[in-house]
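Q: Chains as they are written, first to last, in my numbering: chain A, 2 to 81; chain B, 117 to 530.
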């Protein structure tokens, strides 16, 4: 459940075109400590494919993905 | 720099030395014709941004290690040691160059700055001093090719959520799919970037037998200058096109993606086209019709360098624009001399880190667009679109920046 995830930083990526969501989330994850969580909010449907591959490449973990009307939220734990 | 590192980097340098590259490195007479050709120099006026100056940073290393005179008598041969300082200069030369090749059309010998800069990019990768974000984006794209199952379900859900938007632009018959994916035997594979709404509406309006690619079009391997990863990213789409047995691969509005697929994919059992070519074809064949009254304000068009000057797609956007408007205004009498937007070569993907440089270095582009008096500035490349939005805001140009494909979709007549 999302309520169980403590979010340490919100990264607002709404309206940003490719590749800005990945560029910004790469920076945003470095603003929290290892073990902390960011919530990345995007309107880019391509992020549904990009974020899992980015997490695997960068060594971080997507704890949960929420899809709402026009919005996609990723909860990402900094692992590396 | 230790000897082993230098030797490894020189091996990379040597691998790039084909006959064309040697010609480019040995031919420059410093005539100066390229001086005003670069939008960065024309906007900022610093010598280091002249194309021949950029070449010279690479050329002096070439002379030092690959030419007899430079090896024996470096000071006379203008040879330069490959050092950390040289790498810093290479970085500045290459990441202030968008690879637009405007200088190449002015050069009497046709020296290709982008090709010379590809040596610099490869050396930076070898020394691990390339922009980290470009490598991360590249590796993410490569990973997607290896792990389709990792994102397939989420991707399909995301695409399903877009279908309502497509139907708003073009109604489809009951039972039809607004965004078909993974259709074996489709005629056309469309390779998109973020979303596919306008393109999908136009394909459906034209009655195209199409399918959407699982992969994004952009090739970050080409931006960072890594030939191996460029090919891996390209092969994801080539393999998908062969698996689905499509006749045509259509690349979305992304200049680098189009140029890489068109020029580097080799002989394949499918044609490669840009979305702009396809839309012009639909209009010529009467497969779609557009409402000319939709856009009443004057329109100008920015030629994406990788699609126009480097890809040869010049007439098609103009055909589309003349179908959309009676007031299309050219920026340049000769489109091949159109200024670069200042965002290519991976510079837009570097984000806010280089925003100030991107704005200052593209003043000539902002001026060129404003001089037309147009109120709508359209283009056919996502990279250029992002840069033009930034320029519009920075220089208070007062235009509306639009994708050409979105304009076609908005003007579709049901």
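Where a beta carbon is used, it is the ideal one built from N, C-alpha and C, also for glycine. Predicted, not measured: the structure shown is a model, and the values here were computed from it.
1. For the stretch 249–263 of chain B, enumerate the residues whose C-beta is nearer than 7 Å to any C-beta of chain A, in chain order.
2. Which residues bound the beta strand (DSSP E) around residue 244/B?
3. Between which two residues does the beta strand (DSSP E) harbouring residue 326/B extend?
4. Residue 211/B by DSSP, collapsed to three states: which one?
5. I want to verify the contact list: residues of chain B whose CB lies under 9 Å from the CB of residue 15/A, in sequence order.
6. Does any residue of chain B bring its CB to less than 8 Å from the CB of residue 81/A?
7. To the nearest whole angstrom, what separates the beta carbons of residue 392/B and residue 436/B, a pair I think is in contact under 8 Å?
8. Give a yes or no on whether the C-beta atoms belonging to residue 460/B and residue 499/B are separated by under 8 Å.
9. Could you compute how far the alpha carbon of residue 491/B sits from the alpha carbon of residue 516/B?
10. What does residue 334/B reach in chain A if we use C-beta pairs closer than 9 Å?
11. Within 8 Å of any Cβ in chain B, is that where the Cβ of residue 47/A sits?
12. Go ahead and pull the three-state DSSP assignment for residue 66/A.
13. Put residue 348/B into one of helix, strand or coil per three-state DSSP.
14. Consult DSSP for residue 10/A and reduce its assignment to one of helix, strand or coil.
15. Evaluate residue 389/B with the Cβ neighbour count: other Cβ atoms within 10 Å of its Cβ, from every protein chain shown; 16 or more gives buried, anything less gives exposed.
16. Anything in chain A within Cβ reach of residue 275/B, meaning under 8 Å, just list it in chain order.
17. Could you check if residue 12/A is buried or exposed, using at least 16 other CB atoms within 10 Å of its CB as the buried criterion?
18. Which partner residues does residue 389/B have in the DSSP bridge list?
19. Look up residue 122/B in the DSSP assignment and say whether it is helix, strand or coil.
20. DSSP has residue 518/B in a bridge; who is on the other side?
21. Here's a check: name, in chain order, each residue in its chain whose Cβ is nearer than 7 Å to the Cβ of residue 350/B, leaving out the five neighbours to either side.
22. Can you tell me which residues form a DSSP beta bridge with residue 73/A?
23. Can you tell me whether DSSP reads residue 444/B as helix, strand or coil?
24. Sort out for me which residues DSSP pairs residue 416/B with in a bridge.
25. Is it true that the CB of residue 144/B sits closer than 8 Å to the CB of residue 227/B?
26. So which of 422/B, 129/B, 243/B has the shortest CA-CA distance to residue 370/B?
27. What is the C-beta distance between residue 309/B and residue 368/B, in whole angstroms, given that I count them as a contact (C-beta under 8 Å)?
28. With a Cβ-Cβ cutoff of 8 Å, do residue 297/B and residue 272/B count as a contact?
29. Am I right that residue 331/B and residue 353/B are in contact with their C-beta atoms under 8 Å? What's the rounded C-beta distance?
30. Okay, do the stretch 36–53 of chain A and the stretch 242–250 of chain B touch, 3+ Cβ pairs below 8 Å being the bar?
31. For a contact meaning CB atoms closer than 9 Å, what does residue 35/A contact in chain B?
32. In angstroms, rounded to a whole number, what distance separates the CA positions of residue 359/B and residue 73/A?
33. Which residues bound the beta strand (DSSP E) around residue 306/B?
34. Which runs of the alpha helix (DSSP H) fall wholly inside the stretch 256–327 of chain B and span at least 4 residues, in chain order?
35. How would you write the range of the alpha helix (DSSP H) that residue 29/A sits in, first residue to last?
36. With a threshold of 16 other CB atoms inside 10 Å of the CB of residue 133/B, please say whether the residue is buried or exposed.
A: Reading off the structure:
1. Correct list: 249, 252, 253, 255, 256, 259, 260, 263.
2. It is not in any beta strand (DSSP E) - residue 244/B carries neither H nor E in the DSSP assignment.
3. It spans 326–328 - the beta strand (DSSP E) in which residue 326/B sits, taken as one unbroken run.
4. The three-state reading of DSSP puts residue 211/B in coil, since its state is none of H, G, I, E or B.
5. Within chain B, no residue comes near residue 15/A; the closest Cβ sits about 12 Å away, beyond 9 Å.
6. Closer than 8 Å: no.
7. Contact between residue 392/B and residue 436/B holds, since their C-beta atoms are separated by about 7 Å, short of 8 Å.
8. Yes, Cβ-Cβ distance for residue 460/B and residue 499/B is below 8 Å.
9. For residue 491/B and residue 516/B, the gap between their C-alpha atoms comes out near 6 Å.
10. The contacting residues are 19, 20.
11. Residue-level contact by beta carbon holds for residue 47/A and chain B, with a gap shorter than 8 Å.
12. Taken through DSSP and simplified to helix, strand or coil, residue 66/A comes out as strand.
13. Here DSSP, grouped into helix, strand and coil, assigns residue 348/B to helix.
14. Residue state, collapsed to three classes: strand.
15. Buried, because 16 or more other Cβ atoms sit within 10 Å of the Cβ of residue 389/B.
16. 46, listed in chain order.
17. Result: buried.
18. For residue 389/B, which the question treats as bridged, DSSP gives the partners 366/B.
19. Note: residue 122/B maps to helix in three-state DSSP.
20. According to DSSP, residue 518/B bridges with 494/B.
21. Answer for residue 350/B: 335, 376, 377, 380, 381, listed in chain order.
22. Looking at the DSSP assignment, residue 73/A forms a beta bridge with 43/A, 68/A.
23. Collapsing the DSSP output to three states places residue 444/B in a strand.
24. Under DSSP, the beta-bridge partners assigned to residue 416/B are 445/B, 493/B.
25. Using a Cβ distance threshold of 8 Å, residue 227/B and residue 144/B count as a contacting pair.
26. The shortest C-alpha separation from residue 370/B is found at 422/B.
27. Rounded, the Cβ-Cβ distance is 5 Å, consistent with contact.
28. Going by C-beta atoms, residue 297/B is nearer than 8 Å to residue 272/B.
29. Sure, about 5 Å apart at Cβ, within 8 Å.
30. Two segments are said to touch when three or more pairs of C-beta atoms, one from each, lie closer than 8 Å; by this definition the stretch 36–53 of chain A does not touch the stretch 242–250 of chain B.
31. Chain B residues near residue 35/A: none, gap ~18 Å exceeds 9 Å.
32. Inter-residue distance for residue 359/B and residue 73/A is about 30 Å (C-alpha atoms, whole angstroms).
33. Element bounds for residue 306/B: 304–307.
34. As for any alpha helix (DSSP H) of minimum length 4 sitting wholly inside the stretch 256–327 of chain B, the runs are 264–285, 313–322, ordered along the chain.
35. Taken as a continuous stretch (DSSP letters only), the alpha helix (DSSP H) holding residue 29/A covers 21–29.
36. Of the other Cβ atoms in all chains shown, fewer than 16 fall within 10 Å of the Cβ of residue 133/B; this residue is therefore exposed.
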